[in-house]
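Per the numbering used here: the sequence shown = residues 301 to 594. Even glycine gets a Cβ: it sits at the ideal position worked out from N, Cα and C. Keep in mind it's a predicted model, so treat the numbers as computed, not measured. Below is one structure, written out as structure tokens, with a few remarks after it.
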Amino acid sequence: MEPSPSENAHAGTPRCYRHPEVETGIRCTRCEKPICPACMVSASVGFQCPDCVRKGSGTGHAADANQPRTLAGGRVATDDRFVTKILIGINLAVYVAVLAFGDRLVDELVLIGYAYSPALGEVVGVADGEWYRLLTSTVLHQEVWHILFNVLGLWVIGGIVEPELGRIRYAALCLLSGLSGSVLAYLVAAPNQPSLGASGVVYGLIGAWVVLARRRRHDMRPVILFVALSLLMTFTRPGISWEAHVGGLVGGVLVTYALLHAPRARRDLVQYGALGLVFVLDLGIVLARSAALT
Numbered sequence: 301m302e303p304s305p306s307e308n309a310h311a312g313t314p315r316c317y318r319h320p321e322v323e324t325g326i327r328c329t330r331c332e333k334p335i336c337p338a339c340m341v342s343a344s345v346g347f348q349c350p351d352c353v354r355k356g357s358g359t360g361h362a363a364d365a366n367q368p369r370t371l372a373g374g375r376v377a378t379d380d381r382f383v384t385k386i387l388i389g390i391n392l393a394v395y396v397a398v399l400a401f402g403d404r405l406v407d408e409l410v411l412i413g414y415a416y417s418p419a420l421g422e423v424v425g426v427a428d429g430e431w432y433r434l435l436t437s438t439v440l441h442q443e444v445w446h447i448l449f450n451v452l453g454l455w456v457i458g459g460i461v462e463p464e465l466g467r468i469r470y471a472a473l474c475l476l477s478g479l480s481g482s483v484l485a486y487l488v489a490a491p492n493q494p495s496l497g498a499s500g501v502v503y504g505l506i507g508a509w510v511v512l513a514r515r516r517r518h519d520m521r522p523v524i525l526f527v528a529l530s531l532l533m534t535f536t537r538p539g540i541s542w543e544a545h546v547g548g549l550v551g552g553v554l555v556t557y558a559l560l561h562a563p564r565a566r567r568d569l570v571q572y573g574a575l576g577l578v579f580v581l582d583l584g585i586v587l588a589r590s591a592a593l594t
């Protein structure tokens with residue numbers, strides 16, 4: 301028995317690819333699969349199916365084009381303290397290593413310009429080619445109060461700054477802040493004056509917080525008060541490397557300002573260009589100081 305004309309018409313009616321029981325006359329503008337009103341997603345032209353929306357933005361951009369962005373243009377992460385936790389973990393690991401191996405490890409990692417080390421029995425320092433000290437010193441601590449203070453600063457202020465910048469930009473900020481603090485200490489302090497600690501990174505985060513608060517139009521009075529008290533502690537407490545604090549603070553301000561005020565059309569180019577410029581400036585200072593010491 302042949303099917304009736306009405307049955308032929310019914311068999312040829314498009315049905316939603318996700319809901320076969322629903323007839324529809326609408327198709328995805330990208331893949332042309334039939335979609336019902338419950339599945340169709342509005343696009344710039346027509347409608348799209350959920351599969352095509354998951355694969356791309358619906359506007360011809362990459363699949364991550366619809367992902368939310370931070371104030372600086374980075375990706376929003378589920379764990380907004382991911383890099384901060386890594387930094388804290390590194391600091392704690394090095395502290396435990398110092399407890400295990402003693403002062404010799406400190407002598408090998410501490411920031412020092414150019415001097416003879418009785419413990420190591422040789423001339424050491426950045427000017428002697430040990431450039432790694434500019435960074436290893438930023439995760440090095442001896443006193444428990446010192447590491448606790450810096451870890452607390454990383455956790456609290458890092459928890460404010462990292463979500464606003466995103467992981468990659470935040471990591472670059474911490475790296476350049478710590479480096480800038482070490483570079484200023486290398487430039488200004490006596491060649492035989494050792495320096496260590498994550499304070500340069502912490503003060504870089506403080507500088508970033510200032511720029512972020514200004515950008516968000518927050519009340520600046522508590523921020524300024526906090527910075528003032530921090531600098532007061534820097535210049536009044538004995539045994540503090542003010543050079544590392546000030547260098548980190550200035551580096552953090554410069555880096556964060558560039559990250560937040562880069563024009564959207566050329567954001568990546570301007571941001572990474574500014575980061576490179578700060579790095580080159582630090583590099584030039586290190587080269588000049590090394591030449592002067594040797």
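Using a Cβ-Cβ cut-off of 8 Å (strictly less than) and excluding sequence neighbours within five positions of residue i, which residues of its own chain qualify?
i	result
P337	T324, I326
G374	L465, G466, R467, I468, R469, Y470
I412	V424, G425, V426, R433, P491, N492, Q493, P494, S495
M301	Annotation note: pLDDT 47 at M301 (below 50); position unreliable, coordinate value reported separately. Around M301: no qualifying Cβ.
A397	L405
Spatial neighbours of residue i within its chain, please: CB distance less than 6 Å, with the 5 preceding and 5 following residues excluded, ordered by chain position.
i	result
L487	I585, R589
A562	V570, Q571
G551	L476, S477, S480, G504
I388	V451, L454
H319	C336
R330	Q348, C352
C392	The amino acid at residue 392 is misidentified as Cys; the sequence shows Leu. Excluding sequence neighbours, L392 sits near nothing in its chain.
T534	I540, W542, H545
K385	none
T594	A427
Using alpha carbons as the reference points, say which of the options lies closest to residue i.
i	options	result
E443	L420, D403, E430	D403
D568	G425, I388, A372, K385	A372
L440	V410, D428, L454, V426	V410
V511	L531, V483, V553, S482	V553
L583	W455, L434, T534	L434
W445	G497, N492, A490, S437	G497
V578	G346, L484, A592	L484
E332	A592, H319, C352, L405	C352
G539	T594, H319, L392, A489	A489
V546	Y395, T313, L532, L420	L532
L575	R381, Y557, E543, V456	Y557
A591	G421, D428, A397	D428
A544	T438, V527, L559	T438
C460	V398, R516, L581, G421	Per the sequence shown, residue 460 should be read as Ile rather than Cys. Checked all of V398, R516, L581, G421; the closest Cα to I460 is R516.
S482	L581, R315, P334	L581
I457	W509, D407, V527	W509
V555	R564, G573, L420, L399	G573
Can you give me the start and stop residues for the alpha helix (DSSP H) that residue i sits inside?
i	result
A544	542 to 561
E332	Unbroken run through E332: none, as it is neither H nor E.
A393	382 to 401
Y617	Because the chain here runs from 301 to 594, residue 617 falls outside it and cannot be looked at.
P522	520 to 536
Between which residues of its own chain and residue i is the CB-CB distance below 7 Å, once the five residues before and five after are set aside?
i	result
L549	Y503, G504, I506, G507
P350	C339, V341
T436	L409
R514	M520
G312	none
L623	Nothing about residue 623 can be reported from this structure: the residues present for the chain run from 301 to 594 only.
Hey, quick one: how far does the beta strand (DSSP E) through residue i stretch, first residue to last?
i	result
A415	415 to 417
V595	Outside the modelled stretch of the chain, which goes from 301 to 594, sits residue 595, for which no answer is possible.
Item checked: Completely contained alpha helix (DSSP H) runs for the segment 427 to 503, where each covers 4 or more residues -> For secondary structure counted as the alpha helix (DSSP H) over 4 or more consecutive residues, the segment 427 to 503 holds these complete runs in sequence order: 433 to 436, 444 to 465, 467 to 488.
Next item on the list: Decide if the segment 500 to 514 is in contact with the segment 443 to 455; the criterion is three or more beta carbon pairs, one per stretch, under 8 Å apart.
Entry: Judged by Cβ distances under 8 Å, the segment 500 to 514 makes contact with the segment 443 to 455, as three or more pairs qualify.
Next item on the list: Check whether the segment 466 to 476 touches the segment 409 to 420, counting contact only when three or more Cβ pairs, one atom from each stretch, lie closer than 8 Å.
Entry: Counting C-beta pairs closer than 8 Å gives fewer than three between the segment 466 to 476 and the segment 409 to 420, which falls short of the contact rule.
Notebook entry, point to check: Given 8 Å as the limit, is there contact between the segment 472 to 483 and the segment 522 to 533, that is, 3 or more CB pairs closer than that?
Noted result: Contact fails: fewer than three Cβ-Cβ distances are below 8 Å.
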